[in-house]
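Undergrad:
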Amino acid sequence: MLGQSTGGTIPFTDVNLPIRTDDRSLPHIWEIVGSILAPAQRGSDEPLGLVLARASLVTFREALAGFAAGSTIGVLLGLAFVRSPLVERGLMPWVIASQLIPLLAIAPMVVLWAGRYRLPLWIAVAVIAALLSFFPVTVNTVRGLRSPSPTSVEMLKSFAASPTQELRKLRIPASLPYLFTALKVAAGASIIGTLVGELPSGLPDGLGRQLLTFSYYYGSGPEKLFAAVLFSVLLGVVFVALVGLVERLVIPPARRVQS
Amino acid sequence: MTTVVTIKGVDKVFPSRKGADTVALRGIDIEVASGEFVSLLGPSGCGKSTLLRIIGDLLPPTTGEVVVNGKTPAEARRDRDYGMVFQQATLLDWRRVLANIELPLEVAGRAPAERERRAREMLDLVELNEFADHFPWQLSGGMQQRVAIARALTLQPELLLMDEPFGALDEMTRERMQMELMRIWQQTANTVIFVTHSIPEAVFLSTRVVVMSPRPGRIVGVVEIDLPQPRQFETREEPRFFEKLVDVREMLRGAEE
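Residue numbers (this note's numbering), protein chains in the order written: chain W, -10 to 248; chain Y, 220 to 476.
As structure tokens, this is what we get:
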């Protein structure tokens, strides 16, 4: 928009903008908003916005399942790593490797495996979301559980706290701010994982399918793809904000001010 | 007077990979009687904090024997005979002051009603009642350290081990805290082992000052501080106080030569 209104230059100069824009590569905002309000298909009076909102809800449910599973696994792995350096040394390379597998390659495989065991497809999608979200949780749980100073640990030892008490009274509360930072990253990652997972799964109801469909028809209606992208982004923002809300409930305000 | 701590022939060697082991302590012998206030005084790196940690069962000695209340340090720690105060207050910043003082009682499995009653007594002792519901970071450094002392005393331990507790405080706060500690000590009649590198602090607080040499840490000598009890603000201005400062300082200097 800026590009066209100024003739492709930076305002009040002759310098060309680095990217030339036109209606095809970057639709006007009012066109995107208009397409959200307009019927999704000819002959139907259901606006695109409603269709996308419904698809977002489906994607959100899959992402939530993946996020829950991934975070749980992440926390458990973190606890195991802190409990036993041997386990950490043995498993950490695999944990890192799991993040280096190209998502596009593994998504169809997971879908195939799920099919072989007759699992519902949304589970395959959730597994892919979990694969992306467990990693930040693992790393930050380890970091958080190790955050108390050696003197704090000595303080607890001085009145004979057991290892379990040390974990419950010191290490776990100390790790919560780290955990919630990771959960916010994991929330975003689980949405990405779900969208990618939805493509090979052929699930018709989620945002992933909408993105794919609208990218096919990009030439005739680019604003629809942008509308779908907008909903994906909003979904991620809402998810991360929800995690932030839980954080506010769990960690008392006084502590947040300090850290 | 009954003996609370006996240390016999304690050495501490920290092994290093290159073979150049660090000898932190060599041939330490000390006896501490019930109700004494003993300072371990020496320059940085003389192993005085290491010695305190060996007494408190946070580190094992390499050789030698430590007996606390007729038990091994491990047994004494399990029986919760120790209260420890460190240079950092190490208060848990997600707990309010009262809950911080309740922590040892929680760990010891005491009932909630008893925990609160006991923690409030301790707050009384360190004169911080009106701060029960504050968070640690809302308190000054000196007040945080008073909470740490209250926490250390809450299980009524036989032995109070203090590792440079006032080392991070400014000089004025430090002198106020020393008075405060003297008042608390008079009230609780604890046995105290106190690590410091401040000569006036050691002389003002202690009934005995154990002077240690630089690495490897050895005991150079012991100075009895027979200044009248209770120590007061004016104690620091008495000629006898200065004589004791000189005695300790001379002994420290002798150790370095």
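Cβ coordinates follow ideal geometry from the N, Cα and C atoms, glycine included. All values derive from a computational prediction rather than experimental measurement.
1) How about the stretch 111 to 123 of chain W and the stretch 49 to 60 of chain W: do they share at least three Cβ pairs that are nearer than 8 Å?
2) Identify every residue that forms a DSSP beta bridge with E250 (chain Y).
3) Taking all protein chains shown into account, decide if K213 (chain W) is buried (16 or more other Cβ within 10 angstroms of its Cβ) or exposed.
4) Can you tell me the Cα-Cα spacing of M(-10) (chain W) and S190 (chain W), whole angstroms?
5) Buried or exposed, going by whether 16 or more other CB atoms sit within 10 Å of the CB of F220 (chain W)?
6) Does the beta carbon of M303 (chain Y) come closer than 7 Å to any beta carbon on chain W?
7) Inspect the beta-carbon positions of I438 (chain Y) and V429 (chain Y) and report whether they are closer than 7 Å.
8) Is DSSP giving R395 (chain Y) helix, strand or coil here?
9) Quick one: residues in its chain with C-beta nearer than 6 Å to the C-beta of S24 (chain W), no 5 flanking neighbours on either side, listed in chain order?
10) What number of angstroms, rounded off, separates the C-alpha of G360 (chain Y) from the C-alpha of L6 (chain W)?
11) For G254 (chain Y), which residues in chain W fall below 8 Å Cβ to Cβ?
12) Whose C-beta lies closer than 7 Å to the C-beta of T(-2) (chain W) among residues of the same chain, with five residues either side of it excluded?
13) Which residues in chain W sit within 7 Å of R334 (chain Y), going by Cβ to Cβ distance?
14) Is there a Cβ from chain Y that is less than 7 Å from the Cβ of E155 (chain W)?
15) How far does the beta strand (DSSP E) with T2 (chain W) in it extend, from its first residue to its last?
16) Is it buried or exposed for A230 (chain W), if we count other Cβ within 10 angstroms and need 16 for buried?
17) For my contact list, P449 (chain Y) and M391 (chain Y) are in at a C-beta cut-off of 8 Å; report their separation, rounded to the angstrom.
18) Could you tell me the distance, in whole angstroms, from the CA atom of V246 (chain W) to the CA atom of G254 (chain Y)?
19) Since G275 (chain Y) contacts L374 (chain Y) with CB under 8 Å, what's their CB separation in whole angstroms?
20) Can you tell me whether DSSP reads T415 (chain Y) as helix, strand or coil?
21) Are the beta-carbon atoms belonging to V232 (chain W) and K173 (chain W) less than 7 Å from one another?
22) Against chain W, with Cβ distances strictly below 7 Å, would W313 (chain Y) count as a contact?
23) Would you say A266 (chain Y) and D230 (chain Y) are within 7 Å of each other, going by their C-beta atoms?
24) Would you say K231 (chain Y) faces chain W, with C-beta separation under 7 Å as the test?
25) Excluding the 5 residues flanking D34 (chain W) on each side, which residues of the same chain have their C-beta closer than 7 Å to its C-beta?
TA: Taking the geometry as given:
1) yes
2) Numbered from its first residue, the second sequence carries residue 250 (chain Y) at position 31. Per DSSP, Y:T225.
3) Stepping through the first sequence from its first residue, residue 213 (chain W) is reached at position 224. Label assigned to K213 (chain W): buried.
4) For the purposes of this step, residue -10 (chain W) is taken as residue 1 along the first sequence, with counting starting at 1. For the purposes of this step, residue 190 (chain W) is taken as residue 201 along the first sequence, with counting starting at 1. Its pLDDT being 48, under 50, M(-10) (chain W) is placed unreliably by the model, and the measurement read from it follows with that caveat. Cα to Cα, the separation comes out at about 37 Å.
5) For this step, residue 220 (chain W) is matched to residue 231 along the first sequence. So F220 (chain W) ends up on the buried side.
6) On the second sequence, position 84 is the one that residue 303 (chain Y) refers to. Judged by the 7 Å Cβ criterion, M303 (chain Y) is in contact with chain W.
7) To locate residue 438 (chain Y), count along the second sequence from 1; it is residue 219. To locate residue 429 (chain Y), count along the second sequence from 1; it is residue 210. Yes. Within cutoff.
8) Along the second sequence, one-based indexing puts residue 395 (chain Y) at 176. Three-state DSSP puts R395 (chain Y) in a helix.
9) Position 35 of the first sequence holds residue 24 (chain W). Answer for S24 (chain W): L37, E212, K213, A216, listed in chain order.
10) Along the second sequence, one-based indexing puts residue 360 (chain Y) at 141. Along the first sequence, one-based indexing puts residue 6 (chain W) at 17. If you take the alpha carbons of G360 (chain Y) and L6 (chain W), they lie about 57 Å apart.
11) Position 35 of the second sequence, counted from the start, is the residue given in the question as residue 254 (chain Y). What G254 (chain Y) touches in chain W: nothing, since even the nearest Cβ is about 21 Å away.
12) Residue numbering aside, residue -2 (chain W) sits at position 9 when the first sequence is read from its first letter. Cβ within range, chain order: V4, N5, L6.
13) Mapped onto the second sequence, residue 334 (chain Y) falls at position 115. Residues of chain W passing the Cβ test: none, with the nearest at roughly 13 Å.
14) Walking along the first sequence from the start, residue 155 (chain W) turns up at place 166. No - not a single Cβ of chain Y is within 7 Å of the one on E155 (chain W).
15) The sequence position of residue 2 (chain W) within the first sequence is 13, counting from 1. Careful: T2 (chain W) lies outside any beta strand (DSSP E) and carries neither H nor E.
16) On the first sequence, residue 230 (chain W) is found 241 positions in, with the first residue counted as 1. A230 (chain W) is exposed by the Cβ-count criterion.
17) Locating residue 449 (chain Y) in the second sequence gives position 230, counting from the first residue. Locating residue 391 (chain Y) in the second sequence gives position 172, counting from the first residue. The Cβ separation is near 21 Å, so there is no contact.
18) Along the first sequence, one-based indexing puts residue 246 (chain W) at 257. Along the second sequence, one-based indexing puts residue 254 (chain Y) at 35. Residue placement at V246 (chain W) is poorly supported in this model, since its pLDDT is 43, which falls under 50; the coordinates still yield a value, given next. Using only the alpha carbons, I get a separation of about 43 Å.
19) If you number the second sequence from 1, residue 275 (chain Y) lands on position 56. If you number the second sequence from 1, residue 374 (chain Y) lands on position 155. Rounded, the Cβ-Cβ distance is 14 Å, inconsistent with contact.
20) Start at 1 with the first residue of the second sequence, and residue 415 (chain Y) comes out as number 196. If DSSP states are grouped into helix, strand and coil, T415 (chain Y) belongs with the strands.
21) Here residue 232 (chain W) corresponds to residue number 243 of the first sequence, with the count starting at 1. Here residue 173 (chain W) corresponds to residue number 184 of the first sequence, with the count starting at 1. Yes, the pair counts as a contact, with Cβ atoms nearer than the cut-off.
22) As a first step, residue 313 (chain Y) is located in the second sequence; it is residue number 94 there, counting from the start. Taking Cβ atoms only, chain W reaches closer than 7 Å to W313 (chain Y), which makes this a yes.
23) Here residue 266 (chain Y) refers to the residue found at position 47 of the second sequence. Here residue 230 (chain Y) refers to the residue found at position 11 of the second sequence. Rather than Ala, the amino acid found at residue 266 (chain Y) in this sequence is Gly. No; because the gap between Cβ atoms is not below 7 Å, this pair is not in contact.
24) Taking the second sequence and counting its residues from 1, the one referred to as residue 231 (chain Y) is at position 12. Taking Cβ atoms only, chain W never reaches closer than 7 Å to K231 (chain Y), which makes this a no.
25) By 1-based counting over the first sequence, the position of residue 34 (chain W) is 45. If we look at D34 (chain W) and ignore the five residues flanking it on each side, its Cβ neighbours are P28.
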